[in-house]
Ligand SMILES: Nc1ncnc2c1ncn2[C@@H]1O[C@H](COP(=O)(O)OP(=O)(O)OP(=O)(O)O)[C@@H](O)[C@H]1O
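Residue numbers (UniProt numbering): 1 to 588.
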């Protein structure tokens, strides 16, 4: 049994021995035994305070007689022992495995702690697996410990005299490492939504609970090791989708309670604004005449309650302007609610905008739901992509604007609404009216002040904006060479500021040194693909269009029509994806 269990680890141990020999260690030499003490020790203990706190909790949960013949230690990411429980049954060597000693492979030769840190695997080193003869009386098992962000932060190790070897000791260190990780995750995620996930077909293969912490946009902020095994090591920062073959259970969700409270009772609006970090007027960068004009209009319009229509191509900053209008105005402390009008399915438009009472229809949330208008009461509602709103939905919207009240689906009592309305679109609404796709009466309800955001290619302050965006990337010392500036200025920027940001991000990754050269600027072909084709050969055009349609359909089907996920796979914005679904009449 013993050899079987250790078989997989043989390679790891052999390679470790090889490294020890390569760096000139000799099995019979005295072992390096310097020990950190005083200020230096206090410093690393302070740095690892949280790790020690959670490790202590886990160790204390072991039966009290457990540590009588073995010792449990925690090492930091460099292999230094920062916590110890129990004593080794070694006569004359009471300070074996003492706090402050370093058990990295370079110092102590092949050993479980050192290997758990360097090879990042749970490992047993038994008897003569240890490189130094002096350590061969030991049997040790260690498992690495990761932070909720997936960084290796240390290891938990159990050691005993070799006669006390038990193969299951490695399971114990692994369970302890997982418990410590979960403790850290819960600690750090106390204000976040934490869920556990189960892959439908693979429940049995994972013995520990996969835990995720999500932010309000359902992005993964933290994940324990089991969750990363299921979702991939690079899952942090990605959106999590309940639909993709996982069963989930909410463990704690303080922010949902909070936002429900805000939405239902509207009694903590300052927090809503702060939580969502809305843009303010100082975030509008650019000093060209057209942007100065926009900024002037924003300042003036913010102090009124007139409805506003913002025109501008995709990525020009319409939402930035809408948020700045809100944060510069009298409703600054009240909610700002954005609605993507092209994204709401016709059948759900009323429940989305008006909300619904409990039990209003099959599948409805049991507690009922607050609609967008009610959530935006006293604040601002931002109707994005208004030009893409289906006609039926337009009729519903018109009703709210006329009546200044909403009645929840399944409810009877009209709720008065006092909301500032800001709409935005990349379409010419006049033309849409002429084509019969937009209601004229709605247009006049929405049209108070009109603002047009210039496309980036018409702005003379492109380099100023580029410098600002560069500064906001992680490397503030980066700057543009004169050829790079010329290349930026001569490009036509179909994706506007959003595209500029992504080109600079890519350049900051490609650049060698601090100066971004023209060759580092890689313009996105995706934008080329999404622009209209005009002078193409008709056959090529048809085949390109049908290929695009096919790829989009296949991707949507693959992710069960999860729009965010499909957009992320296709590397286009959600809005662009909605436009394409519409253009190609794609259906689920
Ligand atoms: N003048 C500006 N100054 C600073 N950042 C800007 C400016 N204009 C746009 N941006 C940035 O560009 C990105 C796109 O802006 P935003 O989402 O407001 O565009 P949009 O017109 O609403 O796009 P879409 O129509 O595709 O939703 C954001 O990250 C925004 O912060």
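Think of the CB as a built atom: it goes at the ideal place given N, C-alpha and C, for glycine as much as any other residue.
Discussion item. Quick check on DSSP: helix, strand or coil for residue 20?
Written reply: If you number the chain shown from 1, residue 20 lands on position 20. Three-state result, residue 20: helix.
Discussion item. Any heavy atom of ligand 2 closer than 8 Å to the beta-carbon of residue 426?
Written reply: In terms of ligand content, the structure shown lacks ligand 2 and carries ligand 1 instead.
Item to complete: State yes or no: is the C-beta of residue 409 within less than 9 Å of the C-beta of residue 346?
Response: Along the chain shown, read from residue 1 onward, the residue named residue 409 stands at position 409. Along the chain shown, read from residue 1 onward, the residue named residue 346 stands at position 346. 9 Å or more divides the Cβ of residue 409 from the Cβ of residue 346.
Discussion item. Check whether the region 100-115 and the region 133-150 touch, using three or more Cβ-Cβ pairs below 8 Å as the test.
Written reply: Contact holds: three or more Cβ-Cβ distances are below 8 Å.
Practice prompt. Counting only the same chain and skipping the five closest in sequence on each side, list residues whose C-beta sits under 6 Å from that of residue 170.
Written response: Stepping through the chain shown from its first residue, residue 170 is reached at position 170. Here residue 170 has 122, 124, 141 as same chain residues with Cβ atoms under 6 Å from its own Cβ, once five neighbours each way along the sequence are excluded.
Practice prompt. List in chain order: all unbroken beta strand (DSSP E) runs of 3+ residues lying wholly within the region 97-157.
Written response: 123-126, 138-146
Worksheet item: What are the start and end residues of the alpha helix (DSSP H) that includes residue 175?
Response: The sequence position of residue 175 within the chain shown is 175, counting from 1. First-last of the alpha helix (DSSP H) with residue 175: 169-188.
Fill in: CB of residue 497 within 9 Å of CB of residue 465, strictly
Sequence index remark: in the chain shown, residue 497 carries index 497 (1-based). Sequence index remark: in the chain shown, residue 465 carries index 465 (1-based). Against a cut-off of 9 Å, the Cβ pair of residue 465 and residue 497 comes out as a contact.
Worksheet item: Helix, strand or coil: which one does DSSP assign to residue 492?
Response: Within the chain shown, residue 492 is the residue found at index 492, counting from 1. Coil at residue 492, not helix or strand.
Worksheet item: Any chance the region 491-511 sits against the region 312-319, with 3 or more Cβ pairs inside 8 Å?
Response: yes
Worksheet item: Okay, do the region 154-164 and the region 34-47 touch, 3+ Cβ pairs below 8 Å being the bar?
Response: no
Worksheet item: So what's residue 52 in DSSP terms, helix, strand or just coil?
Response: If you number the chain shown from 1, residue 52 lands on position 52. Residue 52: helix per DSSP, three-state reduction.
Practice prompt. Provide the residue(s) that pair with residue 161 in DSSP beta bridges, ordered along the chain.
Written response: Start at 1 with the first residue of the chain shown, and residue 161 comes out as number 161. Per DSSP, 138.
Practice prompt. State yes or no: is the C-beta of residue 418 nearer than 8 Å to some heavy atom of ligand 1?
Written response: Reading the chain shown from its first residue, position 418 is the one you call residue 418. No, ligand 1 has no heavy atom inside 8 Å of this Cβ.
Worksheet item: The alpha helix (DSSP H) with residue 326 in it runs from where to where?
Response: Taking the chain shown and counting its residues from 1, the one referred to as residue 326 is at position 326. That run of the alpha helix (DSSP H) goes 318-327.
Discussion item. Just to check my reading of the structure: residue 415 and residue 374 have Cβ atoms closer than 8 Å, yes? What is that Cβ distance to the nearest angstrom?
Written reply: Taking the first residue of the chain shown as position 1, residue 415 is located at position 415. Taking the first residue of the chain shown as position 1, residue 374 is located at position 374. Sure, about 6 Å apart at Cβ, within 8 Å.
Worksheet entry | Any non-hydrogen atom of ligand 1 within 8 Å of residue 285 CB | Position 285 of the chain shown, counted from the start, is the residue given in the question as residue 285. Within the cutoff, so yes.
Worksheet item: Around the C-beta of residue 232, are 16 or more other C-beta atoms found within 10 angstroms, so that it is buried, or is it exposed?
Response: Numbered from 1 along the chain shown, position 232 holds the residue referred to as residue 232. It is exposed - the Cβ of residue 232 has fewer than 16 other Cβ atoms within 10 Å.
Worksheet item: Which residues share a DSSP beta bridge with residue 340?
Response: Here residue 340 refers to the residue found at position 340 when the chain shown is read from its first residue. Answer is 384, bridged to residue 340.
Worksheet item: How many Å lie between residue 306 and residue 521 at the Cα?
Response: Locating residue 306 in the chain shown gives position 306, where the first residue counts as 1. Locating residue 521 in the chain shown gives position 521, where the first residue counts as 1. If you draw a straight line from the Cα of residue 306 to the Cα of residue 521, it is about 42 Å long.
Worksheet entry | From 303, 184, 279, residue whose alpha carbon lies closest to that of residue 55 | In the chain shown, the residue the question calls residue 55 occupies position 55. Ranking 303, 184, 279 by Cα distance to residue 55 puts 184 first.
Fill in: Residue burial classification, residue 355 (beta-carbon count within 10 angstroms, cutoff 16)
Start at 1 with the first residue of the chain shown, and residue 355 comes out as number 355. The residue is buried, with at least 16 neighbouring Cβ atoms inside 10 Å.
Worksheet item: According to the neighbour-count rule (16 or more other Cβ atoms, all chains shown, within 10 Å of its Cβ), is residue 348 buried or exposed?
Response: Translated into positions along the chain shown, residue 348 becomes position 348. Under this definition residue 348 is an exposed residue.
Item to complete: Quick one: residues in its chain with C-beta nearer than 8 Å to the C-beta of residue 489, no 5 flanking neighbours on either side, listed in chain order?
Response: As a first step, residue 489 must be located in the chain shown, where it is residue number 489. Answer for residue 489: 462, 463, listed in chain order.
Fill in: Collapsed DSSP secondary structure at residue 70 in the structure displayed
Within the chain shown, the letter at position 70 stands for residue 70. Collapsing the DSSP output to three states places residue 70 in a strand.
Worksheet item: Alpha carbon to alpha carbon, what distance is there between residue 342 and residue 437?
Response: Counting from one through the chain shown, the residue named residue 437 turns up at place 437. Counting from one through the chain shown, the residue named residue 342 turns up at place 342. The straight-line gap from Cα to Cα measures roughly 13 Å.
Item to complete: Using only the heavy atoms of ligand 1, determine whether one of them is closer than 8 Å to the beta carbon of residue 309.
Response: Within the chain shown, the letter at position 309 stands for residue 309. No, ligand 1 has no heavy atom inside 8 Å of this Cβ.
Discussion item. Please state whether the Cβ-Cβ distance between residue 103 and residue 75 is less than 9 Å.
Written reply: Here residue 103 corresponds to residue number 103 of the chain shown, with the count starting at 1. Here residue 75 corresponds to residue number 75 of the chain shown, with the count starting at 1. Yes; because the gap between Cβ atoms is below 9 Å, this pair is in contact.
Item to complete: Compute the distance between the beta-carbons of residue 559 and residue 454, then report whether it is under 9 Å.
Response: Sequence index remark: in the chain shown, residue 559 carries index 559 (1-based). Sequence index remark: in the chain shown, residue 454 carries index 454 (1-based). Not a contact, by the Cβ cut-off of 9 Å.
Fill in: Reference residue 34; option with closest CA among 10, 100, 63, 83
What you label residue 34 is simply residue 34 of the chain shown in a count that begins at 1. Residue 100 is the option with its Cα nearest to residue 34.
Item to complete: Look at residue 235 and residue 459 and say whether their C-beta atoms are less than 9 Å apart.
Response: Within the chain shown, numbered from 1, the residue matching residue 235 stands at position 235. Within the chain shown, numbered from 1, the residue matching residue 459 stands at position 459. Not a contact, by the Cβ cut-off of 9 Å.
Item to complete: Assuming residue 506 contacts residue 439 (C-beta within less than 8 Å), just tell me the rounded distance between them.
Response: Mapped onto the chain shown, residue 506 falls at position 506. Mapped onto the chain shown, residue 439 falls at position 439. Actually they do not touch by this definition, with Cβ atoms about 42 Å apart.
Worksheet entry | Own chain residues within Cβ distance below 8 Å of residue 468, not counting five before or after | Counting from 1 along the chain shown, the entry for residue 468 is found at position 468. Counting only residues of its own chain and dropping the five nearest sequence neighbours on each side, residue 468 has a CB closer than 8 Å to the CB of 285.
Item to complete: With DSSP as the reference, label residue 404 as helix, strand or coil.
Response: Against the chain shown, residue 404 aligns to sequence position 404. Of the three classes helix, strand and coil, the one that applies to residue 404 here is coil, per DSSP.
Item to complete: Going by CA-CA distance only, name the one from 419, 298, 283 that's closest to residue 333.
Response: Locating residue 333 in the chain shown gives position 333, counting from the first residue. Of the candidates 419, 298, 283, the one whose C-alpha sits nearest the C-alpha of residue 333 is 419.
Discussion item. Please tell me whether residue 16 and residue 115 are closer than 9 Å, where the distance is taken between their beta carbons.
Written reply: Taking the chain shown and counting its residues from 1, the one referred to as residue 16 is at position 16. Taking the chain shown and counting its residues from 1, the one referred to as residue 115 is at position 115. Yes, they are a contact pair.
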